[in-house]
Amino acid sequence: MFILFLLSILHLTISQDILNPHIFSDCKHLILPARCQCYHSGHESQLRCLKSELHSLPKLPNNMRWNALDFSYNYITSVDNYVFADIYVETISLKSNYLRRIEITAFDHIKNLKELFINNNQLKELFPQTLTSPGSSLEIFDVSYNPFQYLDIGEILLNLPMLKQFHVVSCHLNNTSIYTLTKLIPSPADLHNQTSTRHGQLSLEILDLSYNNLTTICHNLFDGLYNLIELRLNHNSIRLIDNNFLHTFSQIKIINLAHNLLEQVPRLSSRSLEILNFSTNHIHYIGDYFASQLRSIRVIDLDHNHHLNNTSIRAFCFLNILTLEKLTFRSTNLISLDTFGELLCRLINVTHKVNTIDINNNVNLKCDCTLIQFQNYLNNFKDLTCTQHGQDRYYISNPLNQLSNCQYDFCLRRQQQTEADYCNYYDAERVVYEGTCKAKLIASEERKKLKLKSMSTTTITMTTLIDLKFFENITESRNLTKLGNSTKIQIEKKQISNLISINRKSFILLIICFLFLLL
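Quick note on numbering: the sequence shown equals residues -15 to -1, 1 to 504 in mature numbering (1 follows the signal peptide of the UniProt record, and there is no 0).
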């Protein structure tokens, strides 16, 4: 009976451990703040001190192994030197505190750190050297929602060769910070001599730079991020994008450029890009071949570009309809489906490409026969609204009966009106280069040189005219020395007055010419 009693107790204990695997026995020896909780299960231990009203980090014993240390939502203002030394931990969360300072050696000698969250704090600087020790293992790093203003992104990434995700959302960054990415690009001398191993970033897959103050994506900034998959640049103030800035990305699949200040769609080039978001910009026109070099594109989003009312007839030339799944123009200012003519006439030959184009919520869209002919290719066709005779908007079902007698073949008519080779692949490659920052800078420099040359020529001409006139007046004045004293004085006064008047007029003319050239 006694043996059966012991076995029953053992069975009950094992059952309780299975039902409640989080036990505290391995944490009892720790002296922790009152509201912190320590959980241990199997080979994993977690210390949870979130919302514990901490003002500083507790000192932890060396050589302990943790799955996670959570100090989020407290009042911690600094991370002191060596506070995590000789501690094995995979995840540290310090988000939503009042951090103002992280010492350079704060993470020195830390072991196996894979995820670090310091987002939602008050940091104004972060030294890249702080990340030297965790650099060999860190995979996810979030510094979002800190008022940095400047961050040496390039040097940070050089110190984190294993990093897969870097989140830098809403950090008040401008172009100065993003231009530090050029540190990742090896110089020709380094490549030739193989003198430097600190270049490139082979692991980074997601880079989030959204909600900052970036204005220009230029100068091959991302050439050192070879394996990037997703790039988030939404909610910035970007006006200029180099058409060629993706050329080194062999794995890129998603780019988000929504909520910027783009007025024209850049003609990007990529073999791997699948999703491209241009929604909520200031785009008013789509030029030739804008997607001709996007070989794997699946989704292009141009929603909420309220000024977009026209596209080039070559805009969709060479757009890959075999991969295309969605082309969306919701809430723009498009007037007619005719603008998609070249694309629509190619879609007819691909039977499975239904519901590909979304043009809903376009208040000025005209009700016409083209809408009826290509209704199978329009997303949510029954919810589509259009205007008839420039009057009220109707659901397409209302004028559908009136337009059901359309007899003409849109593609046949279009074929008769356009040249057979108006989509030219050579032109498609040329326009991509014309949109690179290098080409734009060269063109800008040429314009400046012409303007300066023109200004210099005008200045020399005007100066010569003034000098000649002055010489003529002086010569004439000298020839009058034989006249009587009274006559001579009167004439000299008159000549001086005329000379001053001429010089004044010439000077005013010179200023007007100079201002005209500046404009």
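Note that CB positions come from ideal geometry on N, CA and C, so glycine has one too.
Query                                                                                                                                                                            : Result
For Phe325 versus Leu287, is the C-beta spacing smaller than 8 Å?                                                                                                                : no
Label Asp193 either buried or exposed according to how many other C-beta atoms from any shown protein chain fall within 10 Å of its C-beta, with 16 as the threshold for buried. : buried
What residue does the alpha helix (DSSP H) around Ile163 start on, and which one ends it?                                                                                        : 160 to 163
Is the separation between the beta-carbon of Asn131 and that of Asn106 shorter than 8 Å?                                                                                         : yes
Give the DSSP-derived three-state secondary structure of Ala243 in the structure shown.                                                                                          : coil
By the 10 Å Cβ neighbour count, where 16 or more other Cβ atoms means buried, how is Pro18 classified, buried or exposed?                                                        : exposed
Spatial neighbours of Leu216 within its chain, please: C-beta separation below 6 Å, excluding the five flanking residues on both sides.                                          : Leu192, Ile240
Any idea if Ser172 is buried or exposed, counting beta-carbon neighbours within 10 angstroms, 16 or more meaning buried?                                                         : exposed
Helix, strand or coil for Phe151? Go by DSSP, reduced to three states.                                                                                                           : strand
Is it buried or exposed for Gly139, if we count other Cβ within 10 angstroms and need 16 for buried?                                                                             : buried
From the DSSP output, which residues share a beta bridge with Lys351?                                                                                                            : Thr372
What would DSSP say about Asn361, mapped onto helix, strand or coil?                                                                                                             : helix
Helix, strand or coil for Ile87, going by three-state DSSP, please let me know.                                                                                                  : strand
Helix, strand or coil for Phe395 per DSSP?                                                                                                                                       : helix
If we ignore side chains and look at the alpha-carbon of each, how far apart do His232 and Tyr362 end up?                                                                        : 32 Å
What are the boundary residues of the alpha helix (DSSP H) that Leu329 is part of?                                                                                               : 326 to 332
Tell me which residue opens and which closes the alpha helix (DSSP H) that Leu143 is part of.                                                                                    : 138 to 144
Can you look up Lys168 in the DSSP assignment and give me helix, strand or coil?                                                                                                 : helix
Closest to Tyr274 by CA distance: which of Asn409, Ile306, Ser81, Thr165 is it?                                                                                                  : Asn409
Whose C-alpha, out of His14, Glu88, Tyr73, Ser121, is nearest the C-alpha of Glu110?                                                                                             : Glu88
For His291, which residues from the same chain have a beta carbon less than 8 Å from its beta carbon, with the 5 sequence-adjacent residues on both sides left out?              : Ser316, Thr317, Asn318
Is the distance from the Cβ of Asn160 to the Cβ of Leu210 below 8 Å?                                                                                                             : no
Quick one, which of His40, Met147, Ile357, Val154 has its alpha-carbon nearest Ser321's?                                                                                         : Ile357
May I ask you to list the residues that DSSP assigns as paired with Arg50?                                                                                                       : Tyr73
Determine, using beta carbons only, whether Ile95 and Phe69 come nearer to each other than 8 Å.                                                                                  : yes
Determine the extent of the alpha helix (DSSP H) in which Val250 is found, giving its start and end residues.                                                                    : First-last for Val250: undefined, no H or E at that position.
For the beta strand (DSSP E) that contains Tyr215, what are its first and last residues?                                                                                         : The amino acid at residue 215 is misidentified as Tyr; the sequence shows Glu. 215 to 217 is the span of the beta strand (DSSP E), which, as asked, contains Glu215.
Name the two residues that bound the continuous beta strand (DSSP E) containing Glu414.                                                                                          : First-last for Glu414: 410 to 419, but that is the alpha helix (DSSP H), not the beta strand (DSSP E).
For Asn347 and Thr355, I'd like the C-alpha separation in whole angstroms.                                                                                                       : 15 Å
Would you call Arg50 buried or exposed, if buried means 16 or more other Cβ atoms sit within 10 Å of its Cβ?                                                                     : exposed
Report the residue from Ser41, Ser222, Ser255 whose alpha carbon sits nearest the alpha carbon of Ser155.                                                                        : Ser222
Taking buried to mean at least 16 other C-beta atoms within 10 Å of its own C-beta, is Ile268 buried or exposed?                                                                 : buried
Reducing DSSP to helix, strand and coil, say where Leu210 ends up.                                                                                                               : strand
Alpha carbons only, please: which of Lys149, Asp137, Lys44 is nearest the one belonging to Leu166?                                                                               : Asp137
Can you round the beta-carbon distance between Arg283 and Ile260 to whole angstroms, since I take them to be within the 8 Å contact cut?                                         : 6 Å
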